[in-house]
Structure formats: C-alpha cells, structure tokens
Amino acid sequence: MSYESHHEADVHSLFDASIAARAALDAFLKLNPVKMIRNPVMFVVEVGSVLTTVLLFTRKAHTGGHFAFDLQVTLWLWFTVLFANFAEAMAEGRGKAQADSLRKAKAETMAHRMTDTGIEEVSSAMLFSGNLVKVSAGEIIPGDGEVIEGMAFVDESAITGESAPVVREAGGDMSAVTGGTRVLSDEIIIRITSNPGETFLDRMIALVEGAQRQKTPNEIALNILLAGLTIIFLLTTITLQPFAIYSGAPQSIFVLVSLLVCLIPTTIGGLLSAIGIAGMDRLVQYNVLATSGRAVEAAGDVDTLLLDKTGTITIGNRQAAEFIPAPGVSAEQLAEAAQLSSLSDETPEGRSIVVLAKERYGLRGRELSHRNAEFVPFSATTRMSGVDIDDRVIRKGSVDAIRQHLKEHGNGMPPLVREAVERVARSGGTPLVVAENGSALGVIYLKDIVKGGMRERFHQLRVMGIRTIMITGDNPLTAAAIAREAGVDDFLAEAKPQDKMDLIRREQAQGKLVAMTGDGTNDAPALAQADVGVAMSTGTQAAKEAGNMVDLDSNPTKLIEIVAIGKQLLMTRGALTTFSIANDIAKYFAIIPAMFATAFPVLSALNIMHLHSPQSAVLSAVIFNALIIIALIPLALRGVKYRPVSAAVLLQRNLLIYGLGGIIVPFIGIKLIDMAITALRIL
C-alpha cells in the first residue's frame with residue numbers, strides 16, 4: 017500500500033469506539049498535577065480551572081446575575097484541559113491497541129532448551145541470552161536469536177503483518193529470528209540473544225505504548241517557547257488588574273483567567289504531545305519501529321541516503337541469467353553440462369543454474385545413481401563443483417579455478433571464452449566457466465538481481481530532494497552496472513566498514529543529515545554513525561541494535577515512507593503552532609474590548625465582531641478555545657498531508673492556510689458561538 021492510500025485509509029480509523037472510550041477515561045486520569053506539570057501550558061489552564069472552581073463554590077453570594085457566567089467559564093476551562101488530555105490519550109490509545117495485538121504474538125511459549133545432558137522443555141520466560149533451543153516445523157520461536165544450524169521457512173506475519181514466509185538459515189545476514197514467529201518447515205537450532213523482558217517484541221510493545229517515548233529536541237525547544245509565551249501573558253494579565261482598578265473597571269478573577277487561557281497558546285499546547293506520539297504511531301503502522309522520536313524528526317530533514325547493495329538493493333544472492341557457449345558448442349549442450357556440474361552445488365548460485373537450465377531448455381533432474389556418477393561438491397577452497405559420469409569429466413567454477421583445471425589438461429582458455437568472461441565482468445556480472453574433459457564449453461552469467469520497483473522508488477526519493485548512494489564491496493565495474501540498473505545517484509565500490517563511516521562523516525561535515533539502511537554486521541558501525549539508521553528486520557542482531565529504526569518488512573526503500581512521516585510530523589507541528597498563535601488575534605479583539613469598553617467607550621471600535629455583550633464575548637472566546645482543540649485532534653493524529661515540494665513553497669502554503677486560517681476561523685467561530693449564546697439566552 018502506498019503512503020497516500022495508507023494515509024487516506026487511516027482517516028477512517030482515527031476515532032475507533034474502543035480507543036475513544038479508553039481515551040475518555042484516561043483524560044480524567046491525566047488531571048493528576050504530577051502528569052500535567054510536564055505540559056506547562058495546560059498546567060496553567062488546570063491551575064486556573066481549580067482557582068475558578070474554588071472561587072465559584074466559596075463565594076457567599078453572586079450578585080448581578082454573574083453566577084451563570086462564572087459557572088460556564090469554569091466548566092469550559094475544565095473542558096479545555098480535558099479535551100487536551102483526550103487528544104494525548106487518543107494518540108496513546110492507538111499505540112496501546114497495537115500493543116495489545118502484539119501481545120497476542122507474545123503468548124506463553126514452551127521452548128526445547130538444549131543442555132549438556134539432552135533437551136529440556138522450559139517456559140520461554142526462562143530463556144536467557146546464550147541458551148540454545150531447537151525449534152521444529154509448526155512450533156513458535158520462543159525468543160529473539162540467531163540460527164546457528166539448519167534452514168527453515170518462518171512465518172513472521174504476527175510481527176510484520178505479511179503472510180509470505182521468509183527463509184532463515186545459519187550464517188550470513190539471514191540468520192536473525194524474532195520471538196513469537198512460527199517455523200513452517202524443517203528444524204533449526206537457535207542461539208537466544210536476549211534476556212526475559214528484553215526481547216525485540218517487548219521493546220516494540222513498550223515503544224508503541226509510549227512508555228519509553230522521550231521528547232525530541234525540537235519538541236523540547238517548542239515547549240520552552242510555549243512556556244515563555246505563557247509566562248509573558250501571565251505577567252501581562254496580572255498587570256491588567258491594577259490598571260483596571262485605576263481606570264474604574266476592575267475585572268473578576270473569572271474574566272482574568274479567561275483572558276489568560278485564551279491568550280496563551282493552548283491549542284498547540286494541548287496537541288503537541290499528541291502530534292509526537294502520533295508520528296511514531298504512524299511509523300509502526302508502516303511496520304517500522306523507531307527507538308526514539310529524535311530519529312523520526314531527523315528523517316524529515318534527511319539529505320543523503322546510503323544503501324548497502326547486497327540484500328538491500330539486490331535480492332542477496334547472484335542468480336544465473338544466461339548461458340554463453342564457446343564456438344562449436346550449442347547453448348543446450350552448455351546448459352546440460354552446467355546443470356550436471358551444479359547438482360552437487362548447494363549454494364544459491366548453484367541452485368539457480370539448475371533452475372535456469374530447466375526453464376530455458378526443459379532439462380530436468382535425472383536419476384544418475386545407476387550410471388556410477390561421482391559428484392564433486394562445491395568447495396570454497398577449490399571454488400569448483402562438478403561430476404564424473406561415464407567418460408565425462410565436467411567441472412564448473414570461477415575463471416581462475418577453471419583456468420588452472422584446463423592447464424592441468426594441457427589446454428588454455430579459448431580467446432572467445434576470455435572475451436565472454438570480460439564482457440560479463442564489464443556488465444557487472446560474475447562469470448563462471450564450464451569445462452568438459454579439459455575443454456571450455458562456455459560461460460555462465462551470474463547476475464545480481466535488483467529488487468523490483470527500485471528505479472521508480474529512487475526517483476521518488478530524488479523528487480523529495482534526497483541523494484541516494486549505493487555502498488558495496490564489489491569492484492567498480494560491477495558496482496557501476498548495479499547502480500545504473502537500480503537508478504541510484506552515486507555509488508561507493510570496494511567499500512569496507514571504515515569507508516562507510518568516512519563517507520557518512522564527510523556528508524555530515526557538510527551539514528547534511530544522513531540516513532543509512534543495511535542488514536549486515538559490517539553495516540552496524542555506519543548505522544550507528546548515521547542520523548537515521550534503518551536496519552532490516554531480516555538482518556543481523558548487531559545491525560538491529562546499531563540502528564535507531566528497524567524495518568520489519570526489510571524494504572530498503574521504506575525510507576520514502578519514513579521521510580514522508582518525518583516531514584509530516586514537522587509540518588503538522590509547525591502548522592498547528594502557526595494556527596495557535598494566529599488565534600490570539602481574534603481572541604484579542606473579542607476579550608479586550610469586552611473588558612474595558614465600559615471605562616473607555618472608544619475601545620468599542622475594536623468590537624469588530626459586534627459581539628452581544630462583554631460577558632457573551634468572554635464566554636464565546638473561552639468556548640471556542642476549548643472546541644478548537646477537539647476539532648483539530650484528527651489533524652494532529654493524521655498529520656498534515658505531505659507532498660514533495662520545496663521549503664519556500666511549503667512555508668508559503670503553511671502561512672496561507674494555517675496562518676491566515678488561524679486568524680479568520682476564530683472570528684467566524686466566536687461570532688457564531690456568541691449568536692448561539694444570545695439566541696439561547698444562557699447568560
């Protein structure tokens with residue numbers, strides 16, 4: 017599902033009934049001053065609400081018919097606090113709902129722990145890092161770990177939501193497994209890498225519930241700004257009373273508190289926490305786990321993306337793509353010899369040769385036991401595999417290995433075969449040579465298979481202003497071919513872990529924010545150095561621990577969604593801050609004339625909304641101030657829709673929609689509320 021379609025589908029689930037019910041209760045629980053003080057703006061509103069409540073019920077008499085006004089002001093001040101708490105609780109509630117579903121994957125599981133004396137059955141809660149467990153087909157993997165023996169298909173749908181099984185095998189970068197997933201075939205032995213309560217699933221549950229969410233630097237800075245504005249308006253409001261007394265128009269505490277609450281940035285103050293929580297929640301919906309809100313924000317400003325080639329841009333194993341026969345040899349003859357020599361080659365490359373021969377020429381596996389066939393398995397030492405059958409000696413292997421094999425038979429590599437080898441190498445492929453009875457039959461073209469849709473996805477990143485760099489240990493020729501096919505902007509060939517680190521540091525030294533995706537242990541240092549390190553879930557434990565995000569779908573171009581969500585988070589926060597501050601203009605024109613028009617009739621000219629009375633003006637502003645928080649909760653949770661445009665266009669649109677809108681909407685809203693109050697005669 018694309019980001020846009022997912023964004024639209026999410027709108028319909030914003031106010032799930034069960035989540036809203038839990039949030040309504042949590043809104044009252046959050047009134048605890050110990051929790052409220054973490055939000056200075058809303059803490060001031062709560063203190064004002066308590067003050068007006070105390071005054072309302074301790075006054076011996078209410079003269080001039082003000083009791084109805086005082087009561088309504090007090091109630092709406094409490095509603096303002098509750099609505100802000102409800103917004104935060106809604107954001108947290110969506111995370112808690114996801115956590116509940118994840119807990120189902122963390123049901124109590126029994127494990128077959130291997131000991132010196134045999135195998136014992138224990139609870140998964142009794143497993144510790146370093147324990148070895150055996151998991152057979154149909155069983156649940158009891159904890160996070162790495163496969164150290166065997167290979168099996170694993171169903172990870174409980175974690176990723178995807179139904180297609182994945183292969184997990186010992187060695188390499190496909191060995192990591194997650195507790196709560198199910199083995200579908202074969203049997204594997206796993207070394208547990210986590211202790212009870214520290215599993216990947218435990219951390220994920222804690223994060224989506226918000227229990228470990230820390231405020232980001234931008235969020236902290238905005239909180240300081242809002243606290244500063246609150247202090248300024250608090251001092252301003254306090255100094256107004258002496259002035260009002262001197263002018264002969266003293267104001268009640270209810271009016272002064274109303275003025276303070278309406279002038280401080282309550283809208284963004286009430287929604288700020290919900291915006292941050294919702295940003296991380298949206299990442300989880302895309303099967304990305306962020307270990308910090310800082311990473312989400314940084315993703316919104318990424319300039320450069322580094323991608324590891326193998327397993328990230330490419331499928332991970334090179335596959336046979338073509339048979340190139342030598343002169344006088346047919347393609348079918350070469351394919352048949354290549355298939356026979358690969359029957360004992362259990363590597364992915366060897367299996368792909370067997371499959372290609374079958375697909376291209378209909379060659380199928382044959383029963384060779386009665387023909388006294390002697391197989392030569394592939395070895396990293398000899399770099400060859402083959403078979404001796406009847407009077408045929410067939411070998412397949414690397415160019416150097418087959419050259420030596422031919423030399424032992426008194427032959428050399430034919431010129432046209434050498435040309436084919438060079439042509440394959442220049443195109444970025446890996447050439448393997450097939451020989452029979454000491455003569456070269458031709459070349460097998462092994463090719464890195466680029467994952468589908470890569471070029472289009474990298475184009476999207478380019479439109480978003482992100483430069484893509486592929487990192488690989490391959491030679492420059494191979495790297496250039498893969499980079500060209502995948503559509504990346506640049507590449508770094510023959511890269512060692514230190515080279516990746518140096519490249520990231522060079523980019524960062526130029527003031528750029530760098531994102532890195534990878535899946536291998538050799539990617540871990542670069543993932544840790546990058547501003548945004550996205551580790552593939554299929555990768556090693558070291559990679560997942562080094563990054564500050566984990567992509568459960570192991571899709572390297574998921575960064576498109578990650579960047580969009582990061583930008584959306586920043587845009588939403590900026591838009592609602594602009595809207596909140598712009599609101600004050602309308603509230604100023606509503607309350608200030610109402611407070612002083614009696615003492616200074618000339619101020620009536622500022623009553624441009626022609627509000628009915630001073631009391632209705634103040635009450636209308638307070639009601640609007642509370643209702644606008646509820647009205648903006650969907651925007652805070654869903655986020656401002658992101659489109660890849662320049663910063664200048666974005667700023668212009670932000671000021672036009674949320675700045676101008678923040679001025680106009682309150683004028684209309686306060687006027688309509690004033691008309692309703694007057695018509696209903698509730699004052």
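Sequential numbering of the sequence shown, starting at 17, is according to our numbering.
A virtual CB, placed ideally from N, CA and C, is assigned to each residue, including glycine.
* **Beta-carbon proximity of THR484 to PHE474, cut-off 7 Å** => Taking the first residue of the sequence shown as position 1, residue 484 is located at position 468. Taking the first residue of the sequence shown as position 1, residue 474 is located at position 458. Cβ distance < 7 Å, so THR484 and PHE474 count as in contact.
* From the DSSP output, in three-state form, read off SER401 for me. => For this step, residue 401 is matched to residue 385 along the sequence shown. Strand, per DSSP.
* Who are the Cβ neighbours of GLU348 in its own chain at under 7 Å, not counting the five residues just before and after it? -> Counting from one through the sequence shown, the residue named residue 348 turns up at place 332. Closer than 7 Å at the Cβ level, and outside the excluded window around GLU348, lie TYR377.
* To do: List the residues that DSSP assigns as beta-bridge partners of LYS150.
  => The residue given as residue 150 occupies position 134 in the sequence shown. Paired residue(s): HIS128 and ILE205.
* To do: Can you check the segment 447–526 for any beta strand (DSSP E) of at least 3 residues that lies completely inside it and give the ranges in chain order?
  => 455–463, 483–487 and 506–508
* In terms of DSSP beta bridges, what is THR341 paired with? -> Within the sequence shown, the letter at position 325 stands for residue 341. The amino acid occupying residue 341 in the given sequence is Pro; Thr does not appear at that position. Answer is GLY458, bridged to PRO341.
* **Opening and closing residue of the alpha helix (DSSP H) in which MET142 lies** => Position 126 of the sequence shown, counted from the first residue, corresponds to residue 142. Element bounds for MET142: n/a, residue is neither H nor E.
* For GLY161, the three-state DSSP class (helix, strand or coil) -> The count along the sequence shown starts at 1 and reaches residue 161 at position 145. The answer is strand: DSSP assigns GLY161 an E or B state.
* To do: Leaving aside the five residues before and after LEU71 along the sequence, list all residues of the same chain whose C-beta is less than 7 Å from its C-beta, in chain order.
  => The count along the sequence shown starts at 1 and reaches residue 71 at position 55. The answer, listed in chain order, is ILE269.
* With burial defined as no fewer than 16 other Cβ atoms inside 10 Å of the residue's Cβ, what is the status of ALA290: buried or exposed? -> Along the sequence shown, read from residue 1 onward, the residue named residue 290 stands at position 274. Buried, since its Cβ has 16 or more Cβ neighbours within 10 Å.
* Asked: How many whole angstroms separate the CB atoms of LYS150 and MET130, which I take to be in contact at a CB cut-off of 8 Å?
  -> Residue 150 sits at position 134 when you count from the first residue of the sequence shown. Residue 130 sits at position 114 when you count from the first residue of the sequence shown. Confirmed, Cβ separation roughly 6 Å.
* MET611 to VAL66, Cα distance in whole Å? -> Residue mapping note: residue 611 aligns to position 595 of the sequence shown, counting from 1. Residue mapping note: residue 66 aligns to position 50 of the sequence shown, counting from 1. Cα to Cα, the separation comes out at about 22 Å.
* Asked: Alpha carbon to alpha carbon, what distance is there between ARG522 and ALA153?
  -> By 1-based counting over the sequence shown, the position of residue 153 is 137. By 1-based counting over the sequence shown, the position of residue 522 is 506. Rounded to the nearest angstrom, the two C-alpha atoms are 48 Å apart.
* Asked: How long is the line joining the alpha carbons of TYR302 and LEU241, rounded to whole angstroms?
  -> Taking the sequence shown and counting its residues from 1, one reaches residue 302 at position 286. Taking the sequence shown and counting its residues from 1, one reaches residue 241 at position 225. Whole-angstrom Cα-Cα distance: 32 Å.
* ALA441 in three-state terms, based on DSSP -> Working through the sequence shown from its first residue, we reach residue 441 at position 425. Of the three classes helix, strand and coil, the one that applies to ALA441 here is helix, per DSSP.
* To do: Whole angstroms is fine: what's the gap from LYS528's alpha carbon to THR556's?
  => As a working mapping, residue 528 is identified with position 512 in the sequence shown. As a working mapping, residue 556 is identified with position 540 in the sequence shown. The alpha-carbon atoms of LYS528 and THR556 are separated by roughly 27 Å.
* Counted within 10 angstroms of its Cβ, other Cβ atoms place GLN668 as buried (16 or more) or exposed -> Sequence index remark: in the sequence shown, residue 668 carries index 652 (1-based). Classification for GLN668: exposed.
* Using a threshold of 7 Å, state whether the C-beta atoms of GLY402 and VAL415 are closer than that. => Reading the sequence shown from its first residue, position 386 is the one you call residue 402. Reading the sequence shown from its first residue, position 399 is the one you call residue 415. No, Cβ-Cβ distance for GLY402 and VAL415 is not below 7 Å.
* **Beta-carbon proximity check, ALA562 vs ALA544, cutoff 7 Å** => For the purposes of this step, residue 562 is taken as the residue at position 546 of the sequence shown. For the purposes of this step, residue 544 is taken as the residue at position 528 of the sequence shown. Yes. Within cutoff.
* Report the residue from ALA637, GLY655 and GLN631 whose alpha carbon sits nearest the alpha carbon of MET587. => Start at 1 with the first residue of the sequence shown, and residue 587 comes out as number 571. Here the closest residue by C-alpha is GLY655.
* First through last residue of the alpha helix (DSSP H) which encompasses ASP600 -> In the sequence shown, the residue the question calls residue 600 occupies position 584. Where ASP600 is concerned, the enclosing alpha helix (DSSP H) stretches over 575–612.
* THR397 to GLY413, Cα distance in whole Å? -> Start at 1 with the first residue of the sequence shown, and residue 397 comes out as number 381. Start at 1 with the first residue of the sequence shown, and residue 413 comes out as number 397. If I take the Cα positions, the gap works out to 11 Å.
* **Residue interval of the beta strand (DSSP E) (run including ALA551)** => What you label residue 551 is simply residue 535 of the sequence shown in a count that begins at 1. First-last of the beta strand (DSSP E) with ALA551: 548–552.
* Residue closest to VAL277, alpha-carbon to alpha-carbon, out of VAL550, LEU699, VAL300 and ILE248 -> Reading the sequence shown from its first residue, position 261 is the one you call residue 277. Of the candidates VAL550, LEU699, VAL300 and ILE248, the one whose C-alpha sits nearest the C-alpha of VAL277 is ILE248.
* Asked: So, helix, strand or coil for VAL63, using DSSP?
  -> Mapped onto the sequence shown, residue 63 falls at position 47. In the structure shown, VAL63 sits in a helix (DSSP, three-state: H, G or I).
* Asked: Counting Cβ pairs closer than 8 Å, one from the segment 193–209 and one from the segment 163–172, do we hit at least three?
  -> yes
* To do: Taking 7 Å as the cut-off, decide whether the C-beta atoms of ALA43 and ALA105 are in contact.
  => As a working mapping, residue 43 is identified with position 27 in the sequence shown. As a working mapping, residue 105 is identified with position 89 in the sequence shown. Against a cut-off of 7 Å, the Cβ pair of ALA105 and ALA43 comes out as a contact.
* Report back the beta-carbon spacing between VAL163 and ILE135 to the nearest angstrom; my notes put them in contact at under 8 Å. => Indexing the sequence shown from 1 puts residue 163 at position 147. Indexing the sequence shown from 1 puts residue 135 at position 119. Incorrect: roughly 17 Å between the Cβ atoms, too far for contact.
* In or out: ALA227 buried (at least 16 other Cβ within 10 Å) or exposed? -> As a position in the sequence shown, residue 227 is number 211, starting the count at 1. Interpretation of ALA227 is limited by its pLDDT of 44, a score under 50 that renders its predicted location unreliable; the figure taken from the coordinates is listed afterwards. ALA227 is exposed by the Cβ-count criterion.
* Asked: Helix, strand or coil for THR556 per DSSP?
  -> Counted from its first residue, the sequence shown places residue 556 at position 540. Coil, per DSSP.
* **CA-to-CA distance, ALA107 to ALA647, given in whole angstroms** => Translated into positions along the sequence shown, residue 647 becomes position 631. Translated into positions along the sequence shown, residue 107 becomes position 91. Whole-angstrom Cα-Cα distance: 15 Å.
* In the DSSP assignment, what residue or residues form a beta bridge with PHE712? -> A query on residue 712 cannot be resolved here, the shown segment of the chain reaching from 17 to 699 and no further.
* Could you check where the beta strand (DSSP E) with ALA306 kicks off and where it finishes? -> Within the sequence shown, numbered from 1, the residue matching residue 306 stands at position 290. Note, ALA306: beta strand (DSSP E), 304–306.
* For GLU433, which of helix, strand or coil comes out of DSSP? -> Taking the first residue of the sequence shown as position 1, residue 433 is located at position 417. With the sequence shown as reference, residue 433 is identified as Val, and Glu is not the correct amino acid for it. Three-state DSSP puts VAL433 in a helix.
* Asked: ASP535: which of GLU452, MET190 and ILE578 sits nearest, CA to CA?
  -> By one-based count along the sequence shown, residue 535 stands at place 519. Selected option, being the one with the closest Cα: MET190.
* Can you check DSSP and say which residues form a bridge with ARG411? => Against the sequence shown, residue 411 aligns to sequence position 395. Beta-bridge pairing links ARG411 to GLY402 and ALA451.
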